[in-house]
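K.L.:
Each number in our numbering corresponds to the 1-based position in the sequence shown with 16 added.
Ideal Cβ placement from N, Cα and C applies to all residues, glycine included.
Values in this document were obtained by computation on a predicted structure and should not be read as measured data.
This structure is in structure tokens; I'll ask about it shortly.
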Amino acid sequence: MTDGDDLIEREKRYEAVFSKKPMPIVDGDGVYVYDEDGNEYLDMGASYGVMGVGHANPRVVEAIEEQARSFTYAQASYATPERAALMEALMDATPDALDRLFLSNAGTEVNEAAIKFARGSTDGDSTGVVAAKRGFHGRTFGSISATWKSKYREPFAPTVPDFEFASYNDVESLKETVDDGTAMVLLEPIQGEGGIYPAEADYLSAARDLCDDHGAYLVFDEIQTGMGRTGEMWAHEHYDVTPDALTTAKSLGGGLPISAIVCTEEMTEIPKGSHGGTYCGNPVAVAAARAAVEYTVEENLPANAARAGERLVSGVEALDTDRIVDVRGEGLMVGVQVRGRAGRYLSGLAREGILGLTAGTNVIRFLPPLTLEDEHVDEVVDALGEVFG
Ligand SMILES: Cc1ncc(COP(=O)(O)O)c(C=O)c1O
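Next up, the structure:
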């Protein structure tokens, strides 16, 4: 038994929820992670898109250290220098029309906040939430109620009432679903877990118009797509549509748990004290997020994501193989749909020293650090050539 196997066994013995991948991670540096046995992996999954600024990003590490030495916690009703600075940095990086924000800890929590803000701020009896088929929004009750795949909902039924699904990229389906009882339409500008499906421009415009016509809020879940991943700071910037709110998490914290909903003031008209949370905007995660946001903007990571993503897509498209059905995505959010199951190709990639993700059963998904360079892209394309044989 190697040291790595021992670690896996120790966790498996008590783990309630997660299965364990065959490589434990004991170290990280930029686009690489390392296992207990000293093997290096190019991290093309970035732990589900969290490590946008790269592992052990020095700027983030320094911010965490400095804050932790000063004080590690002050509840969000006490203003702190780092939180004020993060709020300003996030406001600078988001659409001008959005002028309020709420910090929380995980992606699902800010989707919950969106649902509560929307229901709490709409007039009269508007309680409906319209989400998209194939969409994913997290694992707490509001979020699973807006999540399409039955495996996330049915074991825990009954879910929250008044949630409906429209087909993605189908304007007619959206028109049939949104009405005066709708409080909010919740959409991913590019569906991630569902298989990397970018929205069509007319679909998002129709969602905007329908929300305006029926007095509903349009919320974009940018938890996976945001923070520069798709080649713009926010994926919806590829489209000419401004939402009433966007939710962000994952890359926001440079690896620490933090999330935000950024929204219009109108959407926050809920009774004082009716929403909150003990750890909302906790100083250490906030300091990490401030560093991650500033690094993303100053280093222009969205531009690098666009450039590296284009190289990756064109490299994969040029592979001489009949195993690929489709290659799609934006920037460094890339899906390679394959014939058969994606999992076996991921095992092959891991043997070549590359970690990827699946999206559904037949899509290899790449969400690497946005600091990815040409040599890494070429390494991935070569390895894919090997595993497709
Ligand atoms: C689009 C989207 N929304 C929400 C979530 C949930 O985020 P978290 O796991 O931080 O609660 C995810 C996580 O994968 C996601 O991809």
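Take every Cβ of the region 117-136, pair it with every Cβ of the region 324-342, and state whether three or more of those distances are shorter than 8 Å.
P.N.:
They do not touch, by the three-pair rule.
K.L.:
For Glu-248, which residues in the same chain have their Cβ closer than 7 Å to its Cβ, ignoring the five residues on either side in sequence?
P.N.:
His-254, Pro-318.
K.L.:
Determine the DSSP secondary structure at Ser-120, reduced to helix, strand or coil.
P.N.:
DSSP places Ser-120 in strand when its eight states are reduced to three.
K.L.:
Does the region 303-318 come close enough to the region 77-85 to have 3 or more Cβ pairs within less than 8 Å?
P.N.:
Cβ pair count under 8 Å is three or more, so yes.
K.L.:
Hey, how far is the Cα of Gly-20 from the Cα of Gly-271?
P.N.:
Going by the C-alpha atoms only, they are around 22 Å apart.
K.L.:
Measuring only the C-alpha atoms, how far is Thr-258 from Ser-63?
P.N.:
Roughly 29 Å separates the two Cα atoms.
K.L.:
Consult DSSP for Met-200 and reduce its assignment to one of helix, strand or coil.
P.N.:
Three-state DSSP puts Met-200 in a strand.
K.L.:
I'd like the span of the alpha helix (DSSP H) that includes Ile-340, first residue to last.
P.N.:
Element bounds for Ile-340: not the alpha helix (DSSP H) but the beta strand (DSSP E), 340-346.
K.L.:
Do Ile-286 and Gly-136 come within 7 Å of each other at the CB atom, strictly closer than that value?
P.N.:
Yes, the pair counts as a contact, with Cβ atoms nearer than the cut-off.
K.L.:
Would you kindly report the start and end of the unbroken beta strand (DSSP E) that includes Cys-279?
P.N.:
275-279 is the extent of the beta strand (DSSP E) around Cys-279.
K.L.:
Counting pairs of Cβ atoms below 8 Å between the region 106-120 and the region 137-146, do you hit three or more?
P.N.:
Contact fails: fewer than three Cβ-Cβ distances are below 8 Å.
K.L.:
Specify, as a first and last residue, the run of the alpha helix (DSSP H) that Tyr-64 falls within.
P.N.:
62-65 is the extent of the alpha helix (DSSP H) around Tyr-64.
K.L.:
Tell me the DSSP bridge mates of Asp-43?
P.N.:
The partner list for Asp-43 (beta bridge, DSSP) reads Tyr-50.
K.L.:
Output the boundary residues of the beta strand (DSSP E) element that contains Gly-351.
P.N.:
Taken as a continuous stretch (DSSP letters only), the beta strand (DSSP E) holding Gly-351 covers 349-354.
K.L.:
Check this for me: beta carbons of Leu-386 and Asn-320, under 7 Å apart or not?
P.N.:
For Leu-386 and Asn-320, yes; Cβs fall inside 7 Å.
K.L.:
Smallest Cα separation from Val-309: which of Ala-109, Asp-22, Ser-35, Pro-74?
P.N.:
It is Ala-109.
K.L.:
How long is the line joining the alpha carbons of Asp-141 and Tyr-311, rounded to whole angstroms?
P.N.:
Looking at the two C-alpha atoms, the distance is approximately 43 Å.
K.L.:
For the region 265-284 against the region 84-96, do three or more pairs of beta-carbon atoms, one drawn from each stretch, fall closer than 8 Å, so that the two count as touching?
P.N.:
With a cut-off of 8 Å, the region 84-96 and the region 265-284 do not count as touching, because too few Cβ pairs lie within range.
K.L.:
Where does Arg-306 sit, in a helix, a strand or coil, going by DSSP?
P.N.:
Residue state, collapsed to three classes: helix.
K.L.:
I'd like to confirm something about Phe-157: is its beta-carbon nearer than 6 Å to some heavy atom of ligand 3, or not?
P.N.:
Summarising the ligand content, the structure contains ligand 1 and does not contain ligand 3.
K.L.:
DSSP state of Phe-236, grouped into three classes?
P.N.:
In this structure, Phe-236 counts as strand in the three-state DSSP scheme.
K.L.:
Along the chain, where does the beta strand (DSSP E) containing Gly-144 start, and where does it finish?
P.N.:
Taken as a continuous stretch (DSSP letters only), the beta strand (DSSP E) holding Gly-144 covers 144-148.
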